[in-house]
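Participant: Please read through the structure below; I'll follow up with questions.
Numbering (the numbering used here), first residue to last: 393 to 714.
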């Protein structure tokens, strides 16, 4: 992602992706496959696109401000949640209030559409796993930290329409065991790891099906540490996170001497998760956020935000299934 710079020790789910916890930083806790979280990404979408709007809405014509009136936790105010800490490229310098970083910019653009700017917007911090499991969702109006929209999660929380879609990718040391990976099938013999509870771990267990049970880590930071210590051969993560790790350098939160060997096409089961704004289950504000996102898509503002912050983190070779 195109964001700030943090030391690897601080790097977490940001780089996360899609998707994993960004607050915990302990060693591997399990080698068991995670609960299956089927992706709802529209087949054939391109990484970085923002597919679809809720049926019945007309893109670019809704009044998100009128819709949001009286639906927030506090009248006239909006509380947005993100990770603790929040990482680049999603949030720069861990300061979401500045609007610097992909998700910080998306959040404030949605807020503005709904009529909230300046001091009317406040930020709070949450972990990833408990929120994705439906706990603590009454402390914010919406939350974004690369939450993948999945059928299992939709049983306990509600999501907006997607604001970003990312493919899964494989990262390893340039001269490591993954250097000869040319196809998805080549990954079967490697020791693979990913953050627990993510679509990346699901991709390993359901699609790659490696010879060895994958390592499930508490966070992306733990996965990075395990790779550095040669506990695993490669990490599976969302593509923006993998590309950031490989390019940023240790001083900026990257992993030196690593390479993204490739991303996985839809035909290989690799269409990454669509990320949505997360809400308390059945929150009526979801409809307002969908209007806001539709307006931002129709005006081209969402595409501009995506290109500015994520444009450098979408390109990697496509790996065929075999």
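A virtual CB, placed ideally from N, CA and C, is assigned to each residue, including glycine.
Since the structure is predicted, the reported quantities are computational estimates derived from the model, not experimental observations.
How far does the alpha helix (DSSP H) with residue 555 in it extend, from its first residue to its last?
Facilitator: No alpha helix (DSSP H) holds residue 555; the beta strand (DSSP E) holding it covers 549-557.
Participant: Pairing CB atoms from the region 462-472 with CB atoms from the region 497-515, are three or more of them under 8 Å?
Facilitator: Enough Cβ pairs lie closer than 8 Å, so yes.
Participant: DSSP state of residue 615, grouped into three classes?
Facilitator: helix
Participant: If you follow the beta strand (DSSP E) that residue 498 is in, where does it begin and where does it stop?
Facilitator: Residue 498 -> not in any beta strand (DSSP E); alpha helix (DSSP H) instead, spanning 494-505.
Participant: Does the separation of the CB atoms of residue 501 and residue 688 fall below 8 Å?
Facilitator: Between residue 501 and residue 688, the C-beta gap is smaller than 8 Å, which places the two residues in contact.
Participant: Using the C-alpha atoms, what's the distance from residue 458 back to residue 564?
Facilitator: 49 Å
Participant: Could you give the DSSP three-state label for residue 635: helix, strand or coil?
Facilitator: Looking at residue 635 - three-state DSSP - the assignment turns out to be helix.
Participant: Across the region 568-585 and the region 637-646, are there enough close Cβ pairs to call them in contact, namely three or more that are closer than 8 Å?
Facilitator: no
Participant: When the Cα atoms are used, what is the spatial distance from residue 613 to residue 547?
Facilitator: 28 Å
Participant: Are three or more beta carbon pairs between the region 585-602 and the region 689-702 nearer than 8 Å?
Facilitator: Contact fails: fewer than three Cβ-Cβ distances are below 8 Å.
Participant: Helix, strand or coil for residue 722 per DSSP?
Facilitator: Shown here, the chain extends from 393 to 714; a query on residue 722 therefore has no answer.
Participant: Please classify residue 620: does DSSP put it in a helix, a strand, or coil?
Facilitator: helix
Participant: What are the residues that DSSP puts in a beta bridge with residue 609?
Facilitator: 587
Participant: For residue 583, does the count of other Cβ atoms within 10 angstroms reach 16, so buried, or fall short, so exposed?
Facilitator: buried
Participant: Spatial neighbours of residue 570 within its chain, please: CB distance less than 7 Å, with the 5 preceding and 5 following residues excluded, ordered by chain position.
Facilitator: 562, 564, 582, 625, 626 and 653
Participant: Enumerate, from N- to C-terminal direction, the unbroken alpha helix (DSSP H) stretches of 4 or more residues contained entirely within the region 652-708.
Facilitator: Here the runs fully enclosed are 677-691 and 693-702.
Participant: In angstroms, rounded to a whole number, what distance separates the CA positions of residue 620 and residue 632?
Facilitator: 19 Å
Participant: Does DSSP put residue 448 in a helix, in a strand, or in coil?
Facilitator: With a pLDDT of 36 at residue 448, under the threshold of 50, the modelled position of this residue cannot be trusted, and the question is left open.
Participant: In the DSSP assignment, find the alpha helix (DSSP H) that holds residue 524 and state where it starts and stops.
Facilitator: Start and end: 521-524.
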